[in-house]
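What follows is a short report on a single structure.
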Amino acid sequence: MSPTILIIIISSLTTGTIITMTSHHWLLAWMGLELNTLAIIPTISTKHHPRSTEAAMKYFLTQAAASAMILFSSTTNAWTTGTWDITQITDTPSNIILTIALMMKLGLVPLHFWLPEVLQGSTLLTAMIIATWQKLAPMALIYMTINNLSPTILLLMALMSAMVGGWSGMNQTQTRKIMAYSSIAHLGWMMAVASIATNIMTMALLTYLTMTSTMFYSLILSKSKTIQDTTTAWTTSPMLTTITMLILLSLGGLPPLTGFLPKWLILEELISQNLIPLTTLMVLSSLLSLFFYLRLTYSTTLTLSPNNIKTTHKWRFKPMTNTLPLVFLTSISLFFMPMLPTIIT
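Residues 1220 to 1564 in my numbering are what the sequence shown lists, from first letter to last.
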């Protein structure tokens, strides 16, 4: 891809998200979502491979359907109430349609089937953009309309997403699909607390974005596309392997790493709202997610594939990818929770 086209695509992605996040009119928000979708499609299909073309088509159809539902919902609400204001969507059918459309945009269960396939058909860098940046615009709309969305549908989809994300991730060998199901599970946790405390949802989103970006960045540096690739990553960089192991444990939510903080606060908030059965099932589903994180951790750091003693290290050139962002992201992904009391006080 030429630098000019790359700059146009990146600026379109950024502009689309900013338009959606800052708009108060439904048509402007819809335009931002469409600009975002149209900018990412060429990025997915850059490899000119049937799998990437299929992924781009699946992404386009899903996002177009979700955008059409958002437009239909806002039009119905404007017809009923006479306003296009995002925060004034008070018509009940419009609320239900909008809730389902935003869940489809994010990839929550049962509207999640496109996400693993699209990530698997993309490059690791494009998969990182889809799993992180592309979540910002729909989450901003959820934040603005949360008082009018259906809490029953949100909690039901949150529970299903946390459970299906854990169950489905256990059966995967591809790192991109594992990260896709990890994304579904994490978004389920955010939706569980969205209708109760939006500040905790925002904090969970920021920690998710940081940890997922760090994990994808380490996979890009080690060129690990399958679990089998991670078993030989230590010969490239033992330090990177150690960092990957710690980030996986943080994604799993083990204390005292950063990933434990949002889960801790979400569980505390759910218990305070007397949602004990939901809380119990969410905790059990997090054990499922923890299993495939630990399996990936085990294959990355605790197994050594057969190697000839004379060639213990891979022949490698100077890495083309800048490793400076990894330093910053790793620090936040691992040490934000231990540093939090110091920051607060």
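Positions of the beta carbon are idealized from the N, C-alpha and C atoms, including for glycine.
Query	Result
Burial state of residue 1391 (16 or more Cβ within 10 Å)	buried
Cβ-based neighbour list, residue 1443, same chain, cut-off 6 Å, excluding 5 preceding and 5 following	1394, 1449, 1452
Sequence-distant residues of its chain with Cβ nearer than 6 Å to residue 1387 (five each side left out)	1400
Neighbourhood of residue 1557 by C-beta distance below 6 Å, restricted to the same chain and skipping five residues each side	1475
Straight-line gap, residue 1317 to residue 1454 (C-alpha atoms, nearest Å)	49 Å
Close-in-space but distant-in-sequence residues of the same chain around residue 1420 (CB under 7 Å, 5 per side omitted)	1409, 1412, 1413
Backbone secondary structure at residue 1244 - three-state DSSP	strand
Neighbourhood of residue 1222 by C-beta, 6 Å cutoff - its chain only, sequence neighbours within 5 removed	none
For residue 1357 and residue 1365, the rounded distance between their alpha carbons	12 Å
The stretch 1303-1312 contacting the stretch 1235-1254, beta-carbon criterion three pairs below 8 Å	yes
Short Cβ contact (8 Å threshold) for residue 1323 with residue 1285	yes
Extent of the continuous alpha helix (DSSP H) run through residue 1363	1355-1364
Counted within 10 angstroms of its Cβ, other Cβ atoms place residue 1333 as buried (16 or more) or exposed	buried
Segment limits, alpha helix (DSSP H) that includes residue 1370	1370-1388
Coil, strand or helix - residue 1530 by DSSP	The predicted model places residue 1530 with a pLDDT of 49, which falls under 50 and marks its position as unreliable, so this point remains unresolved.
Complete beta strand (DSSP E) runs within the stretch 1257-1345 (minimum length 3 residues, chain order)	none
Three-state class that DSSP yields for residue 1393 in the structure shown	strand
Residue 1456, DSSP secondary structure in three states	coil
Contact belief for residue 1288 with residue 1315 at Cβ below 8 Å, rounded distance in angstroms	Residue 1288 to residue 1315, Cβ: 10 Å. No contact.
Residues near residue 1446 in its chain [Cβ-Cβ closer than 6 Å; skip 5 each side]	1392, 1518
Test item: CB-CB of residue 1384 and residue 1415 under 8 Å	no
Nearest-angstrom beta carbon gap, residue 1398 and residue 1338 [assumed within contact, 8 Å]	7 Å
For residue 1477, the three-state DSSP class (helix, strand or coil)	coil
Close Cβ partners of residue 1345 (< 7 Å) along its chain, the five nearest in sequence each way excluded	1262, 1263
Close beta carbons around residue 1462, own chain, < 7 Å, minus the five adjacent residues each side	1437, 1549
Three-state secondary structure (DSSP) of residue 1445	strand
Reference residue 1544; option with closest CA among 1277, 1440, 1370	1440
C-beta atoms of residue 1430 and residue 1477 nearer than 8 Å	yes
Range covered by the alpha helix (DSSP H) that runs through residue 1498	1495-1516
Reduced DSSP secondary structure (H/G/I, E/B, other) of residue 1415	coil
Close Cβ partners of residue 1258 (< 7 Å) along its chain, the five nearest in sequence each way excluded	1228, 1231, 1232, 1235
Simplified DSSP assignment, three categories, for residue 1539	coil
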